[in-house]
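Let me begin by presenting the structure, written as structure tokens, before commenting on it.
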Amino acid sequence: VLAVTAELEPIETLLVPATITQATVTHLRLAGRAGCEEFAFWSGHPLGGGVAVVTRAFHPNSSQEYGHVTVDDPNQILAMIDVVHEHDELVLCQLHTHPKEAFHSSVDDRGAFTDEPGFLSLVLPTFGSGGLSSAQAYRLTADGWQHVGCVADNGLLQVFSDVLYYGGDAWQSTDTELEQSTTLVGGA
Ligand SMILES: [Zn+2]
């Protein structure tokens with residue numbers, strides 16, 4: 473299901489446009505305001521050497537059940553896969569929120585989007601209130617899910633400014649979620 477044009481290799485660096493990080497965090501937090509966990513997916517392209525670039529976010533309709541969030545209507549996942557195939561992308565990463573601590577539950581392990589090694593799962597604590605830098609990252613390996621630490625510390629996500637404005641003498645970006653904790657690719 474996942475493989476489109478390339479095998480997904482373990483991702484060490486995920487380049488993410490700032491507009492996507494902002495939109496996804498906003499989406500995740502919105503459900504949190506109603507006390508609900510929320511889900512998102514990112515697709516994009518592996519660039520080789522353990523680097524991949526995110527080009528699209530999917531914010532599915534979901535519903536809160538006891539202790540976990542489920543994605544409504546499997547057709548929207550099939551439709552997502554259609555879009556991903558159409559653009560020769562791969563689904564690289566899933567993201568979801570927890571009410572309190574971020575961890576990968578047994579439900580998260582079993583209910584992941586794919587069983588393809590290399591796939592990433594980010595879990596944001598406190599309904600995403602701390603942004604992406606507070607997320608715990610997990611990578612699917614042949615031996616199961618591996619915890620790869622907190623996004624603020626592990627350098628996994630590198631947010632780059634995809635919208636710049638001219639600030640008098642230089643191109644500048646608006647502030648992003650991860651600017652304090654990760655390198656801003658190509659930016660100041
Ligand atoms: Zn979970």
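Residue 509 in my numbering sits at position 37 of the sequence shown; the count goes up by one each step and never skips. For each residue, glycine too, the CB sits at the ideal point set by N, CA and C.
Report the rounded CA-to-CA distance for residue i versus residue j, giving the unit in angstroms.
i, j, result
"I483", "E561", "15 angstroms"
"G522", "T485", "6 angstroms"
"T527", "A495", "13 angstroms"
"G639", "P489", "20 angstroms"
"A660", "E537", "Here A660 scores only 35 on pLDDT, less than 50, and its place in the model should not be relied on; the value that follows carries that caveat. Answer to the nearest angstrom: the Cα atoms are 43 angstroms apart."
"V473", "T586", "Only weak support exists for where V473 lies, its pLDDT of 43 falling under 50; the value from the coordinates is given anyway. So the alpha carbons of these two residues sit roughly 8 angstroms apart."
"A574", "V541", "14 angstroms"
"W643", "M552", "34 angstroms"
"F464", "A609", "The chain is shown only over 473 to 660; residue 464 falls outside these bounds and no answer can be derived."
With distance defined between alpha-carbon atoms, name the residue in the options nearest to residue i.
i, options, result
"F530", "L519, Q536, Q548, G520", "Q548"
"V595", "Q618, S578, G504, Q566", "Q566"
"S535", "L502, V556, I553", "L502"
"I710", "W514, E510, E509, R505", "Any answer about residue 710 is impossible in this case: the structure gives the chain only from 473 up to 660."
"G583", "F511, T598, A642", "F511"
"E509", "V525, N533, A524", "N533"
Among all the DSSP beta bridges, which residues are the ones paired with residue i?
i, result
"L636", "S645"
"G516", "V526, L562"
I'd like to confirm something about residue i: is its beta-carbon nearer than 8 angstroms to some heavy atom of ligand 1, or not?
i, result
"S535", "no"
- Query: Do the stretch 613-631 and the stretch 508-520 meet, that is, are 3 or more Cβ pairs less than 8 angstroms apart?
  - Reply: Flag = no, the stretch 613-631 and the stretch 508-520 do not touch.
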